[in-house]
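Mind the numbering: the sequence shown is residues 1 to 196 in the UniProt record's numbering, read in order. Backbone N, C-alpha and C fix where the C-beta goes; we use that ideal spot for every residue, glycine too. Note that the coordinates shown come from a computational prediction; the quantities given were computed from them, not determined experimentally. One structure below.
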Amino acid sequence: MGRNIEIEFKNMLNKENFIKLQKHFKINEQDFLIQNNHYFDTDGLSLGQKKAALRIREKGGRFELTLKKIAEAGVLEINQSISDEKAMAMIGKNSFPSGEVKDELILMDVKPESLEYKGMLQTRRAQVPYKKGLIMLDHSTYFGREDFEIEYEVDEQHTSSGKNDFFQLLNELNIPKVHADNKIKRFFNAKKEGTQ
Numbered sequence: 001m002g003r004n005i006e007i008e009f010k011n012m013l014n015k016e017n018f019i020k021l022q023k024h025f026k027i028n029e030q031d032f033l034i035q036n037n038h039y040f041d042t043d044g045l046s047l048g049q050k051k052a053a054l055r056i057r058e059k060g061g062r063f064e065l066t067l068k069k070i071a072e073a074g075v076l077e078i079n080q081s082i083s084d085e086k087a088m089a090m091i092g093k094n095s096f097p098s099g100e101v102k103d104e105l106i107l108m109d110v111k112p113e114s115l116e117y118k119g120m121l122q123t124r125r126a127q128v129p130y131k132k133g134l135i136m137l138d139h140s141t142y143f144g145r146e147d148f149e150i151e152y153e154v155d156e157q158h159t160s161s162g163k164n165d166f167f168q169l170l171n172e173l174n175i176p177k178v179h180a181d182n183k184i185k186r187f188f189n190a191k192k193e194g195t196q
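The following block contains the structure:
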């Protein structure tokens with residue numbers, strides 16, 4: 001799977017604007033797929049303090065371990081396919097699989113054995129090609145909450161035009177610009193609010 005730089009533009013939506021975008025892109029209910037994001041961090045949230053995040057994404061019976069960290073141009077993703085047995089062992093805190101993600105955590109001075117399972121965020125996602133990238137409509141649920149967002153992912157050489165295309169789309173559809181924290185930040189903020 002390897003490493004890649006993720007360039008994406010995001011905007012939070014209300015349900016009405018989510019449905020408006022769904023209609024605009026002719027997305028039907030059967031176009032949405034379910035993905036479960038299982039999040040991990042240390043007890044002291046060391047990864048979050050380092051502006052990094054670790055998750056297992058479960059989609060279509062497959063599991064992918066991903067470490068995300070800030071890079072010069074976007075977010076560096078280190079991805080590793082793992083078996084369902086290794087995913088369940090990680091969630092149960094039995095073991096951390098060998099590979100590029102574990103090696104990178106060690107380089108970041110994070111002990112893989114200190115990581116704890118923090119919970120799950122479920123997303124219904126539909127994606128469609130748009131200009132030089134990919135539009136994703138996400139409806140996420142976690143800790144009894146739900147939210148809606150649009151993401152536009154482009155590759156590095158289309159960063160500038162991608163940003164313009166994204167905001168032009170929002171303007172054309174009269175969708176207000178609303179800052180979107182990434183999913184893991186929203187997840188941990190909700191978790192923190194729930195424990196206070």
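- By the Cβ-count criterion, K185 is exposed, with fewer than 16 other Cβ atoms from all chains shown falling within 10 Å of its own Cβ.
- Beta-carbon to beta-carbon, F63 and D31 are separated by about 23 Å, too far to satisfy the 8 Å threshold.
- In the DSSP assignment, T159 falls within the alpha helix (DSSP H) that extends over T159 to E172.
- Here the segment 122-131 does not lie against the segment 98-105, with fewer than 3 beta-carbon pairs under 8 Å apart.
- Residue burial is scored here from C-beta neighbours: M90 has at least 16 other C-beta atoms within 10 angstroms and is therefore classed as buried.
- With respect to L115, L65 sits apart: the two C-beta atoms are not nearer than 8 Å.
- Membership of I7 in any alpha helix (DSSP H) is not indicated; the residue belongs instead to the beta strand (DSSP E) covering G2 to L13.
- In this structure, the straight-line span from the alpha carbon of S95 to that of K86 is close to 8 Å.
- Per DSSP, E116 is one residue of the beta strand (DSSP E) stretching across E116 to Y130.
- According to the DSSP assignment, L54 belongs to the beta strand (DSSP E) that extends over A52 to K59.
- In the structure shown, the three-state DSSP call for G133 is strand.
- The residue among K118, N174, M88 and E29 with its C-alpha nearest the C-alpha of A190 is K118.
- In terms of Cβ geometry, L121 and F18 do not form a close pair [threshold 8 Å].
- Residue G74 holds the alpha-carbon nearest to the alpha-carbon of Q157 among M108, K69 and G74.
- Counting only residues of its own chain and dropping the five nearest sequence neighbours on each side, P112 has a CB closer than 8 Å to the CB of F96, K102, L105 and I106.
- Cβ-Cβ distances below 6 Å link S46 to V110 in the same chain, with the five nearest sequence neighbours on each side left out; the list follows chain order.
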